[in-house]
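Below is one structure, written out as structure tokens, with a few remarks after it.
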């Protein structure tokens, strides 16, 4: 009798584990089916209801946490929506996920859109000594790029660079959000005072298309060092 009970219990546990593991694997395979432009209901049909939900003026973010019951392996899935459609998605190992997830860079109540803070000078004592890390930089880049209008993008960038350091390479990436040199130079005006590797200025200058733009960039960079 005890043997039969043990076998029945083992079968029940195995069945539950199999179902849970199957659900986890289904969740992982569903990641590959999420496409840019999908509606929210399509995402729900693939991943289910989100565990967490966040939004600001333009972007809504859904976060999922999928855990393998056998290995305790966790996968975090972040899906962003603009105008009710998927704009981008990210998935990664939950064990390396920071305690504070990447929400909007600036909570809506903390921003006064009527003001444009003046960027810190390179010698500002409040300026951190280290370059912005790649994760924070990518968040800033994505948030700026997702804004629909250039004025809003530049305003957010101007606030986002305050008290931060950047490399020339990072500056070029921010400039690459735009196609035309005039727009790229506006980005350079904002970021230049925060660039730490002046020995690589030439890379920024060469990233522009016209000689006249290169001359303007050179002046902006020289001025930022004063």
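Numbering (mature numbering (1 follows the signal peptide of the UniProt record, and there is no 0)), first residue to last: -19 to -1, 1 to 207.
Every residue gets a Cβ at the ideal spot worked out from N, C-alpha and C, and that includes glycine.
- Query: Apart from the five residues on each side of it in sequence, which residues of its chain come closer than 6 Å, Cβ to Cβ, to residue 48?
  - Reply: The beta carbon of residue 48 is closer than 6 Å to those of 55 in its chain, skipping five residues each way along the sequence.
- Tell me whether residue 18 is buried or exposed, calling it buried when 16 or more other Cβ atoms sit within 10 Å of its Cβ. Exposed is the call here.
- Selection from 124, 113, 154 that minimises the alpha carbon distance to residue 177: Nearest C-alpha to residue 177: 113.
- Task: Taking 9 Å as the cut-off, decide whether the C-beta atoms of residue 58 and residue 41 are in contact.
- Result: In this structure, residue 58 lies away from residue 41, with their beta-carbon atoms at least 9 Å apart.
- Task: Mind checking which residues open and close the alpha helix (DSSP H) that includes residue 118?
- Result: Judged by DSSP secondary structure, residue 118 falls within the alpha helix (DSSP H) whose first and last residues are 115 to 127.
- Message: Rounded to the nearest angstrom, what separates residue 203 and residue 166 at their Cα positions?
- Response: Those two C-alpha atoms are separated by around 14 Å.
- Query: Between residue 191 and residue 162, what straight-line distance do the alpha-carbon atoms span, to the nearest angstrom?
  - Reply: Straight-line measurement puts the Cα of residue 162 at about 8 Å from the Cα of residue 191.
- Task: Pull up the distance between the alpha-carbon of residue 23 and that of residue 197, whole angstroms please.
- Result: Residue 23 and residue 197: Cα-Cα distance of roughly 48 Å.
- Message: Quick check on residue 168: does DSSP put it in helix, strand or coil?
- Response: Assignment of residue 168 by DSSP, reduced to helix, strand and coil, places it in the helix class.
- Message: If you reduce the DSSP assignment to three classes, tell me which class residue 74 lands in.
- Response: In this structure, residue 74 counts as strand in the three-state DSSP scheme.
- Message: Taking the straight line between their C-alpha atoms, what separation do you get for residue 35 and residue 138?
- Response: About 21 Å.
- Query: Does the Cβ-Cβ distance between residue 127 and residue 171 come in under 9 Å?
  - Reply: Remark: C-beta atoms of residue 127 and residue 171 do not approach each other more closely than 9 Å.
- Can you tell me where the alpha helix (DSSP H) with residue 131 in it begins and where it stops? Residues 131 to 141.
- Message: Counting C-beta neighbours from all protein chains within 10 Å, is the total for residue 51 16 or more, i.e. buried, or is it exposed?
- Response: By the beta-carbon neighbour count (other beta carbons within 10 angstroms, threshold 16), residue 51 is exposed.
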